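Visitor: Protein chains in written order, with numbering that gives the first Met the number 0: chain A, 0 to 778; chain B, 0 to 262; chain C, 0 to 159.
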Amino acid sequence: MGQFGIGQPVRRKEDVRLLTGKGLYTDDVNFDGQVFGVFVRSPQAHANILSIDIEAALAAQGVVAVYTGADLVADGVGTLITDVEMEDLSGKKMFRTKRTFLATDRVRFVGEPLAIVLAETLGQAREAAELVMVDYEGLPAVGSTAFAASPDSPPIWEEHGSNVGVHWENRPVAEIDAHMAKAKTRVTVDIVNNRLVPNPMEPRCAVAKFDEESGVLTIYAPTQGGRRIQGGLAKTVLNLPPNKVRVISPDTGGGFGIRGKLYPELGVISWAARKSGRPVKWRGDRSETFVSDYHGRDQINHAEMGLDENGRVVALKVHTILNCGAYMAENGPRLPVSGGGRIIPGVYDIVNFYFSVKPVFSNTVPTDTYRGAGRPEANFLMERLMDAAAEATGLARDEVRRRNVIRPDQMPYRTQMGLLIDSGDFDGNMKMAMEGADWENFPKRRAQSEKNGKLRGIGIGNFVEAAGGRPTEEMRIRIAADGKATVFAGTHSHGQGHETVWAQLLNEFLGIPFDDVSLVQGDTATAPKNSAGTFGSRSSWMGGVGLQRSAKRIVEKGTKIAANLMQTEPEGVSFAGGVFTAGTSSVTLVEVAKAAHEPKNLPEGMEAGLDESYFLERDPEEFNFPNGCHVCEVEIDADLGHVQIVNYVAVDDCGFVLNPVIVHGQVYGGVAQGIGQALTENTVYDEDAQLVTGSFMDYGMPRAQHFSMIEALFNQVLCKTNDLGVKGAGEAGACGAPSAFVSSVMDALKPYGITHIDMPLTPDRVWRAIAEAKAATAA
Amino acid sequence: MQDFNYHAPASVADAAKLLAAHEDAKLLAGGMTLLPTLKQRLAAPSDLIDLSSVPNIKGICREGDEIVIGAMTPHADVAESALVRETIPGLAMLAGQIGDPAVRHRGTIGGSIANADPAADYPAGVLGHGATIVTNTRKIAADDFFLGLFETALEPGEIILGVRFPIPVWSHYQKLRHPASGYAVVGVLVAQTAGGVRVAVTGAGPNAFRASAMEEALTADFSAKSLDGLTIDAETLNNDMHASAAYRAHVVTVLAKRAVAAR
Amino acid sequence: MLIEVNMTINGRAVSGKVEARTLLVEFIRDIQKLTGTHVGCDTTQCGCCTVHVDGKAVKSCTMLALQARGKTVLTIEGLANADGTLHPVQEAFREHHGLQCGFCTPGMVMMGVDICRRHPNADEQTVRHELEGNICRCTGYQGIVEAIVDASAKMAGGQA
């Protein structure tokens, strides 16, 4: 394993470009003759559209066209995709919402687009957009999750008659009631898992053009891989074959799950470019990101857990309400099941498990996959239950967990939801995290903090998640005559460092110098046909193994060429470190590559070139299971309710680590998003379903000062179900951080008898909890 | 942002003339609040009058027992000024906590107090030190300046030229930052002055105000303990999703005590 | 109405015609085609657009192009040496994995340089505090803070 091979802390190839301003992001791309598109968005949360008057806007200076939803419908544009199905125990299917790319007769959330204005300049388009007159008939709105779930809320979809999309259950609840009744100790928790705005730093934008001659529609947009979006645009919006739609995502400023979707704006911009005959650019701003990017989380959970006299869990009941917004997004409604459900009840061996999920509709932005996508919610719930169990049984928080974790000797472990966890050392994670955080000497540190007038707490959170996403991916390697390699990928790096890691893989498996490997990604015209993209912590597995097997094919073909060059039989040729050897003779891969491009040097009948792909397909029910344990330590200024993280240890088992620098970066970033949810971030709609936190002035993005240095440790247990032994790494941090953090704050507040505060734990909330606890004691 | 006519007058008199000539004109100082407001189309002035070319309204100097700070002096200059740090420590402290470093390089004291954002820091500094606001037409005592939400004593056409701060015996500023915006959820400035102790509060109410009961208690006995039991009536304070009025009332007392304890 | 504006960007005298409302960042990106400077918000919070004007970090989304008339502007494109060697802050970001998606990075680096200028041998807490106006969604700030602390020490050492 050389300096640039896998497992090495190689510094990133992409950095110099990005550090010197040479990155190319979507808004840096302009087409000749482009116009600017500005969306007219609903200021109303719920209203019938009585009329849209575009006359004044059309007459405004510089305006090229104004389109409404009716124009799209008339042109045969379909509706957005909901890629999930759910049914209740009787087999009744969920209610499916229909969303047109521009609202036609009704708007259902603030910010929903209903028209687009095209003008020569951005300023003209903005001004004209204000001249589009919409006559609304206001309707009662549903702003909160709890209200949406109540039978009193006015149905947003009258034809369904209820705001509950379906009541999904894994089994009849009665099957668990008997076990619960026998438990010696029962604990319950009620949790609001707060709605988040994912907010990648690049605001969403797009620029599209339609080439009349070739009939190809090209759109640039920040996505997580264009293949899925290409299909949707082609079929639903443009009625073109997929190869006539080209989606390009150049450098992309973050994804976090929500940028992999076919959003209405992408459809409208593409369609408008063809319709108007002019390239169209949409420069979304942050305010639009807040109301147009799908949101994350937003669940209400009620759970009950029963334990026996040994502190072993004997029954678990979980009731989840998911606010899926006004419309069902691509994957949103099923996240508690397909995301959380894959791993709930966490790292614990719990057999008697009942799970109920109700996706509900409200007049809010639809929710969908955001870093973790159902898994952070499930892990948080389980860990809050474990803390409650510790409190109720008198066992230490780590001890009650230890008694219930799935042990290595139980691996592979079949979960109650049917998946097979191949590997993991959950008890070992805890041990490593607690030692790393010097858990044992915490009382001394607490005493020191108390001397300084501060409360101090330490908390622990286990997690497991299921990674892999959709089960197919294709990777391609092309080696030029000079021996330099190009990787063609449909996986998409928007911060994950694929340019570096894919080069490490080729260095490892083909011996190609690190600097001689380049990556072509983010373009459906060059991505392998069966590629998918980057989401669900899948690229290391699906992309990495796909690449490894492509490399194997390069070696197989290279071996034949090398044998021909050395005038021997392929069976006698071995390959290592970029050199083919047969007995005492050898040729390098560079020589083989050169020969591969010269037909005269090839064995009879062999196609010229050295260009191999691998289509990787796995069992759709097979995942890998990243897991870990995080320990967080906080100090609290009780007078202000201010919580400061003072120490953080993250132990992660993401299987084989391809590049520790990059994986550490994924851990830090994931932890930061988890802490953001737990400490600063909250999306607030008021009673009229107006978004109150629509900018960085009101939505608390976590800043550098909210964190201490994070110590990231690995407890590597190689994954048994893929050749590289990798497990996902991208979402783990967000799964582990909220529970470890909240546990630490509750530990600090224990003297007041406080056991739970809903996230985010803002100063106001923490202070209020303390004040109420004090008042209750005094009374 | 709607387009406007841009003017960069070279004198206060010219600026005043322009202001008088254009009914919908606005003065542009650092632009840290005005430009975001225009970008969000919350205001659309016909004319912007940029004061950056007007001489003699930027900089810090001592005149007798006063520190004079020109209206166009950026926050960073005040925060880093050796003179201010030595003579009015609470003011340097306050200026150094406004926004972020980039905002402090552009935002100005004149712009901040003219805007009178209820959550801005400077109003507490001006009020807490009993400063005098000097305009092109008159001098206004800080006590008479902040009238309400974004409302000041400035008349149409009036331009702030600078602020005169009497040098206090001692002063200190404590702030609880808004988690998202960085503005003051509550900011408290405590100053020991020749005329007694002054306690000014920003962020908590519709505009910066003095906590007179606290001032009296501290004038009698300058100790944190003397503030025990003294709280601002929460009924008069801001109540929003980030901080309830009750919380703000509590924080005012906590921060005032901490400021006093820093003496 | 278009108004002529002149300034120096990255050591080069530039001019262009702007509307009064044209922001400095729009002048830099759309007119000068220096697209390394980014726009991440519309409320002066995120710092993606940070550049230096007359040697000080400012948010170019909250300054009119006209306010920069006659001034000296430095953007991310002008930070490295002419021979391509990186500025110590850029080099430290690379070494400490201070960037992932790269979108906030130009603003972070420009702010980092400003922090190093004002705080030789800056410690971790100082850097965290000074980054109040720069938001990163990818890195958890860890590599950024490490990079600026490191660069600050190296730059202070270089000056001594």
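Glycine included, every Cβ here is placed at the ideal spot set by N, Cα and C.
Model, not experiment: these values are computed from the prediction.
For Ser243(B), go through chain A and note every residue whose CB falls closer than 8 Å to its CB, in chain order.
Guide: Asp763 and Arg767
Visitor: How big is the Cα-Cα spacing for Lys32(C) and Gly127(B)?
Guide: 47 Å
Visitor: Go ahead and pull the three-state DSSP assignment for Cys135(C).
Guide: coil
Visitor: Using CA atoms only, rank isn't needed, just tell me which of Arg764(A), Trp766(A) and Gln704(A) is closest to Gly139(C).
Guide: Gln704(A)
Visitor: On the premise that Gly669(A) lies in contact with Glu730(A), defined as a C-beta separation below 8 Å, what is that separation, rounded to the nearest angstrom?
Guide: 6 Å
Visitor: On the three-state DSSP scale, how would you describe Ile405(A)?
Guide: coil
Visitor: Could I get the ranges of all uninterrupted alpha helix (DSSP H) runs contained in the stretch 629-705 of chain A, with 4 residues as the minimum, in chain order?
Guide: 659-674
Visitor: Can you name the start and end residues of the beta strand (DSSP E) that Met304(A) belongs to?
Guide: For Met304(A), the enclosing beta strand (DSSP E) stretches over residues Gly295 to Leu306.
Visitor: Would His178(A) pass as a contact of Val399(A) if the rule is Cβ separation under 8 Å?
Guide: Cβ distance not < 8 Å, so His178(A) and Val399(A) don't count as in contact.
Visitor: Determine whether the Cβ of Val516(A) lies closer than 8 Å to any Cβ atom of chain B.
Guide: Judged by the 8 Å Cβ criterion, Val516(A) is not in contact with chain B.
Visitor: Taking Cβ positions only, does Glu76(C) come closer than 8 Å to chain A?
Guide: The beta carbon of Glu76(C) falls within 8 Å of a beta carbon belonging to chain A, placing the residue at that interface.
Visitor: Just to confirm before moving on: does the CB-CB distance between Thr71(C) and Pro35(B) stay below 8 Å?
Guide: no
Visitor: With DSSP collapsed to three states, give me the class of Phe713(A).
Guide: strand
Visitor: Smallest Cα separation from Ala67(C): which of Ile27(C), Leu98(C), Cys137(C) and Asn80(C)?
Guide: Checked all of Ile27(C), Leu98(C), Cys137(C) and Asn80(C); the closest Cα to Ala67(C) is Ile27(C).
Visitor: Using a Cβ-Cβ distance under 8 Å, would Gly818(A) count as near chain B?
Guide: Here chain A comprises residues numbered 0 to 778, so residue 818(A) is not present and cannot be evaluated.
Visitor: My output table needs one value for Lys153(C): the three-state DSSP class, helix, strand or coil.
Guide: For Lys153(C), the secondary structure class from DSSP, reduced to helix, strand or coil, is helix.
Visitor: Measure the beta-carbon distance from Asn461(A) to Met410(A) and round it to whole angstroms, keeping in mind my assumption that it falls under 8 Å.
Guide: That belief does not hold up - the Cβ atoms of Asn461(A) and Met410(A) are roughly 16 Å apart, past 8 Å.
Visitor: Between the Cα of Gln676(A) and the Cα atoms of Val572(A), Thr580(A), Pro602(A) and Tyr369(A), which residue gives the shortest distance?
Guide: Tyr369(A)
Visitor: On the three-state DSSP scale, how would you describe Trp167(A)?
Guide: In the structure shown, Trp167(A) sits in a strand (DSSP, three-state: E or B).
Visitor: Report the CB separation of Ala387(A) from Val188(A) in whole angstroms; it is logged as a contact under 8 Å.
Guide: Between Ala387(A) and Val188(A) a beta carbon distance of about 5 Å is seen, short of the 8 Å cut, so the two are scored as contacting.
Visitor: Would DSSP call Phe26(C) helix, strand or coil?
Guide: In the three-state DSSP reduction, Phe26(C) falls in the helix class (H, G or I).
Visitor: Which residue wins for smallest C-alpha separation from Gly324(A), given the options Glu376(A), Ser448(A) and Arg333(A)?
Guide: Arg333(A)
Visitor: Assign Thr780(A) to one of three DSSP states: helix, strand, or coil.
Guide: Nothing can be reported for residue 780(A): it is not among the residues displayed for chain A, which extend from 0 to 778.
Visitor: Given a cut-off of 8 Å on the beta-carbon distance, is the pair Ser738(A) and Glu382(A) in contact?
Guide: yes
Visitor: How should Asn403(A) be labelled, buried or exposed, when 16 other C-beta atoms within 10 angstroms of its C-beta is the threshold for buried?
Guide: buried
Visitor: Pull out every residue of the stretch 521-549 of chain A whose Cβ sits closer than 9 Å to any Cβ of chain C, in chain order.
Guide: none
Visitor: How about Val198(B) and Val162(B): are their beta carbons less than 8 Å apart?
Guide: no
Visitor: With which residues is Lys174(B) paired in a DSSP beta bridge?
Guide: Gly186(B)
Visitor: Assuming the contact rule is C-beta atoms closer than 8 Å, Val725(A) and Ser539(A) should be a hit. Round their C-beta distance to whole Å, please.
Guide: Yes, they are in contact, since the Cβ atoms of Val725(A) and Ser539(A) sit about 4 Å apart, within 8 Å.
Visitor: What's the C-alpha gap between Asp636(A) and Ser448(A)?
Guide: 10 Å
Visitor: Please decide whether Phe695(A) counts as near chain B, where near means a Cβ-Cβ distance under 8 Å.
Guide: yes
Visitor: Considering just the uninterrupted stretch of the alpha helix (DSSP H) at Leu334(A), what are its terminal residues?
Guide: Note, Leu334(A): premise wrong, no alpha helix (DSSP H); not H, not E.
Visitor: What whole-angstrom Cβ distance do Gly577(A) and Leu564(A) have, given they're in contact under 8 Å?
Guide: With 8 Å as the limit, Gly577(A) and Leu564(A) do not qualify as a contact, their Cβ atoms being about 15 Å apart.
Visitor: Quick one, are the C-beta atoms of Pro335(A) and Asp284(A) less than 8 Å apart?
Guide: no
Visitor: By a C-beta neighbour count over all protein chains shown, 10 Å radius and 16 as the cutoff for buried, is Val463(A) buried or exposed?
Guide: Burial call: buried.
Visitor: For the alpha helix (DSSP H) that Gly230(A) lies in, which residues bound it at each end?
Guide: Arg226 to Gly231
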